[in-house]
Amino acid sequence: METTEKDILRGGQFLVKETKCEDVFTPEDFSEEQKMMKDAVMEFNEREIIAHKPRFEAKDYALTEEVMRKAGELGFLGVAVPEAYSGLGMGFVSTCLTCDYISSGTGSFSTAFGAHTGIGTMPITLYGTEEQKQKYVPKLATGEWFGAYCLTEPGAGSDANSGKTTAELSADGKSYKINGQKMWISNAGFCSLMIVFARIEDDKNITGFIVEYDKDNPNGITLGEEEHKLGIRASSTRQVFFNDTVVPVENMLAGRGEGFKIAMNALNVGRIKLAAACLDSQRRILTTAVQYANERKQFKTPISEFGAIKVKLAEMAASAYAGESATYRAAKNIEDRIAIREASGNTHQEAELKGVEEYAIECSILKVAVSEDVQNCADEGIQIFGGMGFSEETPMEAAWRDARIARIYEGTNEINRMLSVGMLVKKAMKGHVDLLGPAQAVQEELMGIPSFDTPDYSELFSEEKEMIKKLKKTFLMVAGGAVQKYGPQLEDHQQLLIAAADILIEIYMAESAILRTEKNAKRFGEEAQSAQIAMAKLYLYHAVDIVEEKGKESIISFAEGDEQRMMLMGLKRFTKYANYPDIVDLRKEVAEKVKAENKYCF
Numbered sequence: 000m001e002t003t004e005k006d007i008l009r010g011g012q013f014l015v016k017e018t019k020c021e022d023v024f025t026p027e028d029f030s031e032e033q034k035m036m037k038d039a040v041m042e043f044n045e046r047e048i049i050a051h052k053p054r055f056e057a058k059d060y061a062l063t064e065e066v067m068r069k070a071g072e073l074g075f076l077g078v079a080v081p082e083a084y085s086g087l088g089m090g091f092v093s094t095c096l097t098c099d100y101i102s103s104g105t106g107s108f109s110t111a112f113g114a115h116t117g118i119g120t121m122p123i124t125l126y127g128t129e130e131q132k133q134k135y136v137p138k139l140a141t142g143e144w145f146g147a148y149c150l151t152e153p154g155a156g157s158d159a160n161s162g163k164t165t166a167e168l169s170a171d172g173k174s175y176k177i178n179g180q181k182m183w184i185s186n187a188g189f190c191s192l193m194i195v196f197a198r199i200e201d202d203k204n205i206t207g208f209i210v211e212y213d214k215d216n217p218n219g220i221t222l223g224e225e226e227h228k229l230g231i232r233a234s235s236t237r238q239v240f241f242n243d244t245v246v247p248v249e250n251m252l253a254g255r256g257e258g259f260k261i262a263m264n265a266l267n268v269g270r271i272k273l274a275a276a277c278l279d280s281q282r283r284i285l286t287t288a289v290q291y292a293n294e295r296k297q298f299k300t301p302i303s304e305f306g307a308i309k310v311k312l313a314e315m316a317a318s319a320y321a322g323e324s325a326t327y328r329a330a331k332n333i334e335d336r337i338a339i340r341e342a343s344g345n346t347h348q349e350a351e352l353k354g355v356e357e358y359a360i361e362c363s364i365l366k367v368a369v370s371e372d373v374q375n376c377a378d379e380g381i382q383i384f385g386g387m388g389f390s391e392e393t394p395m396e397a398a399w400r401d402a403r404i405a406r407i408y409e410g411t412n413e414i415n416r417m418l419s420v421g422m423l424v425k426k427a428m429k430g431h432v433d434l435l436g437p438a439q440a441v442q443e444e445l446m447g448i449p450s451f452d453t454p455d456y457s458e459l460f461s462e463e464k465e466m467i468k469k470l471k472k473t474f475l476m477v478a479g480g481a482v483q484k485y486g487p488q489l490e491d492h493q494q495l496l497i498a499a500a501d502i503l504i505e506i507y508m509a510e511s512a513i514l515r516t517e518k519n520a521k522r523f524g525e526e527a528q529s530a531q532i533a534m535a536k537l538y539l540y541h542a543v544d545i546v547e548e549k550g551k552e553s554i555i556s557f558a559e560g561d562e563q564r565m566m567l568m569g570l571k572r573f574t575k576y577a578n579y580p581d582i583v584d585l586r587k588e589v590a591e592k593v594k595a596e597n598k599y600c601f
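Be aware that the sequence shown starts at 0, since it is given in numbering that gives the first Met the number 0, and climbs by one per residue.
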């Protein structure tokens, strides 16, 4: 079936348009080629990474580099790279899948892999000239060279455009001299190429450069010592100093002052890949936890029999399941959008850029949701192991430490929360997503008399889908009210933006889990999907709670008097189930399934 422009939702439109379950891609839709790729990556992860876990934890940087070379030899570093540049030229879903299953052995390798294949290589494939791509991308795709990405500076973190590193054109106009300092540079210790951002004269925006690095001929580049970090211990992270580093003019990436745009778009791709990189970690943490819980006896009973442990297992599973559902849903949307653009005559380069940019909102949502879920999952993993979980002898403490960085890099979760809502409002202003019409319809509904009919909810997920619609109305009511009150000044009200973002995130994640399960229940039968149905309902129940809390927090902070009362009544109406699910039963069903299979089995 050809995907046409009109079938596929634009980024952010999930909020105002209904998505049919048939239209979402799920992990159960992987092609034979994708399943083979997944098996190959999992086998590599077991053999090359998990088997050597203690060496990674002991800061064996050389091992990280060695395993990266092996990944290059097997083609894993070039999955997203077009075949013309020695890559495998696979689609966006396969890129995410590789990232997903290669990242769970240790955060050290995951970071090296992500920094190299994403922000280390992508800026050249997306923005490079043909000469730049021919010269550099094959070396990066095969692992002959490794890439690093030099954006952050001591004074420039979230405010990426405020960097002080300078690039000065030589008198003969043939090269630039780069001077400055970068910090937290992943792969710095073994890279041969850096994407470096610097400012030319008093330009408003920074400019990107491709800078080669040869240890034997450092060209004014010196590296700081390896940083000692809470987690990702064998990931090489150093400061990089540039002292009159000479870079030929033809190594400028895109145009002068385009660096900020490159940085932002490279991060969009990085965000969804970071979400993917946290998925198998969650599966693995849950599997390790349930195996321990099935073996560990207290009061002559395996602890997996206790309700308190079942709660944890069920919630861990539901979060992992929702994260998978949402990540692959968005990945396929991006892949389809790229295909549409290529079919309409865009180059692969333009198509990929625009395809990812289109779903920047979803990329930010996923980055926040999945990075927080993997941290909670690891935290509960430690708890299930009890005292042993706190010991370096079991894998949980390393998982917890490694998970912590995911909420910081690729833009902190606070920045991504504000971005997701900010980008949505901008899209609405440009007319790409009609928020105004639906927001007005919600206002009118609030003024009208509510219907007291009891709908027929006998069909699977009919009430849950109704709840999702109501949660969307909540977002439109809250965001609409805030935009009306503050207009363009809304971005100064960060607490409000963050609360609205939490509503947006929960809607996307819960809807994704429900649509995936509905699609699979139609295919494989409800009986075969009963635990998945329970997870989708469980996730939605928590989502409704969060939406209610954040909605209330927002309304009472920007509305007053009659408007406030009306909105709070609307919130009550929009977050009320006709039939509340039995949460204890749902958790029990999920936990029993995981316990019986002795692993994450969905």
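Beta carbons: idealized from backbone N, C-alpha and C, even for Gly.
Non-local C-beta neighbours of V482 in its own chain, meaning closer than 7 Å and more than five positions away in sequence, comprise V424, L489, ordered along the chain. For E552, same chain residues with a beta-carbon under 7 Å away, outside a window of 5 residues either side, are A498 in chain order.
Our two residues, Y507 and R400, have alpha carbons roughly 27 Å apart in a direct line.
When C-alpha distances from E17 are compared across K484, R46, K468, the shortest belongs to K468. Under the criterion of beta carbons closer than 8 Å, R270 and K366 qualify as touching, at roughly 4 Å. In this structure, the alpha-carbon of T97 lies about 14 Å from that of K331. Between A533 and E588, the beta carbon gap of about 4 Å places them in contact (Cβ cut-off 8 Å). The C-alpha of D243 is placed about 15 Å away from the C-alpha of D213.
About 6 Å separates the Cβ atoms of V80 and V136, confirming a contact at the 8 Å cut-off.
Spanning the alpha carbons of P247 and Q12 requires a straight line of approximately 44 Å. With contacts defined as CB atoms closer than 8 Å, A111 and M67 qualify as a contacting pair.
Under DSSP, F240 takes part in a beta bridge, and its partners are Q180, T221. By the criterion of at least three beta-carbon pairs nearer than 8 Å, the segment 540-548 is not in contact with the segment 345-357. Less than 8 Å separates the beta-carbon of A316 from that of Y599.
CA-CA distance, A535 to I199, rounds to 51 Å.
F189: not part of any alpha helix (DSSP H); DSSP gives it neither H nor E. Beyond the five residues adjoining it in sequence on each side, G569 comes within less than 6 Å, by CB distance, of L445, M476 in the same chain, given in chain order. Looking from the CA of T473, the closest CA among D581, E562, Q442 belongs to Q442. Boundaries for G146: no alpha helix (DSSP H) harbours it, while the beta strand (DSSP E) harbouring it runs 146-149, taken from the DSSP string. The Cβ atoms of V289 and K594 lie closer than 8 Å to each other. Inter-residue distance for G223 and A187 is about 9 Å (C-alpha atoms, whole angstroms). Taking C-beta separations shorter than 6 Å and ignoring five residues to either side along the sequence, the partners of I513 in its chain run F460, E463, A535, following chain order.
In the three-state reduction of the DSSP assignment, A558 falls in the coil class.
Taking a cut-off of 8 Å on C-beta distances, the segment 112-124 does not touch the segment 161-173, as fewer than three cross pairs fall below it. Of the candidates D561, E517, F108, E548, the residue whose Cα lies closest to the Cα of S324 is E517. Along the length of the segment 471-530, whole alpha helix (DSSP H) runs at least 4 residues long occupy 493-523, reported in chain order. The residue from W144, F384, C362, H431 with its alpha-carbon nearest to that of M417 is C362. When C-alpha distances from K134 are compared across G156, L192, E152, the shortest belongs to L192. For T120, there is no enclosing alpha helix (DSSP H), since its DSSP letter is neither H nor E. For F75, the closest alpha carbon among the candidates H51, F55, Q33 is that of Q33.
DSSP lists no beta-bridge partner residue for T287. Per DSSP, the unbroken beta strand (DSSP E) holding A166 starts and ends at 165-168.
Judged by DSSP secondary structure, T206 falls outside any alpha helix (DSSP H) and instead within the beta strand (DSSP E) spanning 206-211. Secondary structure at E152: strand, using DSSP grouped into helix, strand and coil. The DSSP-derived three-state label of I7 is coil. The three-state reading of DSSP puts A197 in strand, counting E and B together.
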